[in-house]
Amino acid sequence: ETSRPTDGPANEGHADADDAVSETKPTRPTVTNNHQREVEYIPLGKLEQTADIFSAAWWQRIPRFLELDVERYVQNVESDAFKPILRAGNGFRDARLTRDWLDFSIEHLSKWWKMGEQPAMYSFAIGKLQSYIHRTLMATDVHDATMESTLAMIPYGVSDKTDEIGQQMWMISLVATIASLIQHGVARVLVVGYYDADTKQSMEAFQYLLDHEHHGVDADAEVDIARKKAPRIKGNGVENSPFSAKWGNTELAFVHTDDIKSTYVAENVPKGALNGLQKALKGEKSKDGIKPKDWLGKKGGDRFKYIYFTESDQILNARLRPSMLDTLDEGRIIIPHRIQPIPHPLDLDHLFQKKKHMRKALVDLDELSVKVAHLRPEVDACCDTGERLKNKKEKGIEGFWWQYGFTGQGNFTHLEPYDFMRLTSGTGIVALASTEHSRRCRPVADVATCESVPIGGDSE
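Below, the structure is given as structure tokens:
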């Protein structure tokens, strides 16, 4: 299943000093800078065609992207994740996932924030993402040049029926997703929406970013900046019309699509987004009559070589290197690992008070996860093991495997082989060292390569 923002919808918790859970912070001297080493990819024979390539995010060259027949293949809500991989180029044979997950991964958030008691969970999650946004933008003074020829697209689709705090949750998640792209130097971020709420929230998201554009400069510069007029958004979004802005070197843009009808889904926003972008890259208006310049900017599409696609609840964490562009130029498609955050007592101990089974679940998880690794992108790694959870039915696990211990019917014994981690360059939310489809990585401190961690088989 993939999350979609179509279903409607700050103080951080902590564990006491004598709690069973502890957070590990590698203290040994730095042995290497992992931004400087070459990227290793998982051998194709070690990947499963469905589970491992499902991230609802991908990065590829424009010519490969244009090979996709959107009208034919993007007909349900998972199609935007699979079909651009499988129905262009050499299909699955082009898929590349990094051996070290910290090289290219995303934190997928919406399933996590939907599990807590509301509205307290939403409030906590909003505060957590606001902290991430401010920290990220303050540190974004110099862009990495690797994605300076990349256009990133985010299909958005928050139903007008979503309650107010749910809309705020999705809006701040969109801001955080865009902030992670700004951090990595993306040239243009294009948000594509359908509902009236999409236009409103995208406008709010852009304004939120612009209000924090000048963070990170010194105090004297702040005084001068305060006298300047705030950056303007060009366009007003009236009747869902396009609008745009700029944060540093990154262009921000919103376009509306009505091209949302598909065979299996009545309102398929990603289909309209992919179709419209393809037409713009070919110099054509979208089905809605929106001009290419609104999709690509006044400077046109020739300056872009690559497309990065993602959803509005996915935070990009990456150590980008020029060799990754070589991989894309060879016709490959790079897919991020979709890391799964999990409700954890280090984050949420104070938020699970009303439901007895949820309180018990946190106690059980506290006893299971003896330590939570803090992974630093400069020197640490999370090395792919190739292992995953099998025999779920025999274990009595139904639905999402990692949620089983929170149901009141199950426990967490199936998580015993799994590690827990925080990404210091990401949101800092406790996550399983796993994708939502249970593939595992092993956190390793101060390592220059993952060669010492073999890619094995299935977990018990």
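909 is the number of the first residue of the sequence shown in this note's numbering; add one for each residue after it. The C-beta atom is built at its ideal place from N, Cα and C for all residues, glycine as well. Note that the coordinates shown come from a computational prediction; the quantities given were computed from them, not determined experimentally.
Straight-line Cα distance separating residue j from residue i
| i | j | result |
| --- | --- | --- |
| W966 | R1140 | 31 angstroms |
| S1170 | T1107 | 22 angstroms |
| A1192 | P1200 | Note that residue 1192 is Glu in the sequence shown, not Ala. Their backbone Cα atoms lie some 6 angstroms apart in a straight line. |
| P1325 | A1269 | 18 angstroms |
| Q1186 | T1315 | 43 angstroms |
| P913 | Y1064 | Residue placement at P913 is flagged as unreliable, the pLDDT there being 37, under the threshold of 50; a coordinate-derived value is accordingly withheld. |
| P1362 | V1352 | 13 angstroms |
| A1028 | D1234 | 46 angstroms |
| G1074 | N1148 | 21 angstroms |
| G1313 | P1251 | 11 angstroms |
| Q1091 | G1294 | 29 angstroms |
| D1052 | N1299 | 43 angstroms |
| G1318 | E1275 | 15 angstroms |
| T1343 | K1301 | 19 angstroms |
| G1024 | V1271 | 15 angstroms |
| D1210 | L1059 | 11 angstroms |
| S1039 | G1334 | 11 angstroms |
| A1047 | R980 | 43 angstroms |
| V1099 | A1161 | 6 angstroms |
| P1178 | Q1026 | 28 angstroms |
| G1364 | H1245 | 17 angstroms |
| H1123 | G1035 | Low confidence applies here, because H1123 scores a pLDDT of 46, under 50, leaving its location unreliable and the question unanswered by this model. |
| G1229 | L1089 | The question names Gly, but residue 1229 in the sequence shown is Arg. Distance between the alpha carbons of R1229 and L1089: 15 angstroms. |
| L974 | E1072 | 38 angstroms |
| C1349 | M1329 | 10 angstroms |
| G1156 | L1283 | 28 angstroms |
| Q1222 | F1000 | 23 angstroms |
| I1041 | F1114 | 13 angstroms |
| V1278 | V985 | 38 angstroms |
Bridge partners - residue i, DSSP secondary structure assignment
| i | result |
| --- | --- |
| P1249 | A1339 |
| P1407 | Given that the chain is displayed from residue 909 to residue 1368, the structure contains no residue 1407 and the question cannot be resolved. |
| L1351 | According to the sequence displayed, residue 1351 carries Pro and not Leu. Answer is C1290. |
| E857 | The structure shown does not extend to residue 857, since the chain is modelled only from 909 to 1368, so the question has no answer here. |
| G1101 | H1164 |
| I1241 | A1003 |
| I1086 | For I1086, which the question treats as bridged, DSSP gives no partner whatsoever. |
| H1345 | For H1345, which the question treats as bridged, DSSP gives no partner whatsoever. |
| Y1216 | W967, A1060 |
| A1356 | DSSP lists no partner for A1356. |
| E1223 | Per the sequence shown, residue 1223 should be read as Ile rather than Glu. Note: I1223 sits in a beta bridge opposite E1015. |
| M1079 | None; M1079 has no bridge partner. |
| K1142 | S1152 |
| D1008 | C1291 |
Sub-8 angstroms separation of residue i and residue j beta-carbons
| i | j | result |
| --- | --- | --- |
| I1456 | V1163 | Residue 1456 lies beyond the range of the chain shown here (909 to 1368); nothing can be said about it. |
| Y1102 | G1180 | yes |
| S1018 | N1225 | no |
| E956 | D1008 | no |
| G1037 | A1084 | Just to set this straight, residue 1037 is Leu in the shown sequence, not Gly. Yes, the Cβ-Cβ distance between L1037 and A1084 is below 8 angstroms. |
| L1045 | A1087 | yes |
| E1015 | P1249 | yes |
| M1077 | Y1030 | yes |
| S1346 | R1296 | yes |
| R1227 | D1011 | yes |
| E1425 | M1079 | The chain is shown from 909 up to 1368; residue 1425 falls before or after that span and cannot be answered. |
| S1067 | S1220 | no |
| G1145 | S1152 | no |
| D1354 | A1281 | no |
| F1217 | P992 | yes |
| T1070 | A1105 | yes |
| R972 | G1184 | no |
| V1338 | L1236 | no |
| D1196 | P1150 | no |
Beta-carbon separation (whole angstroms), residue i vs residue j, contact threshold 8 angstroms
| i | j | result |
| --- | --- | --- |
| L1182 | V978 | 5 angstroms |
| S1194 | T1165 | 7 angstroms |
| I882 | V1094 | Residue 882 lies beyond the residue range present for the chain, which begins at 909 and ends at 1368; the question has no answer from this structure. |
| Q983 | Y1172 | 5 angstroms |
| S963 | I1241 | About 11 angstroms separates the two Cβ atoms, so there is no contact after all. |
| I950 | L1005 | 5 angstroms |
| W1310 | L1331 | Not a contact, Cβ separation roughly 17 angstroms. |
| I961 | A1003 | 5 angstroms |
Any contact of the segment 1298 to 1305 with the segment 1317 to 1331, i.e. 3+ C-beta pairs under 8 angstroms?
-> yes
Is the segment 1281 to 1297 in contact with the segment 1344 to 1360, if contact means three or more CB pairs nearer than 8 angstroms?
-> yes
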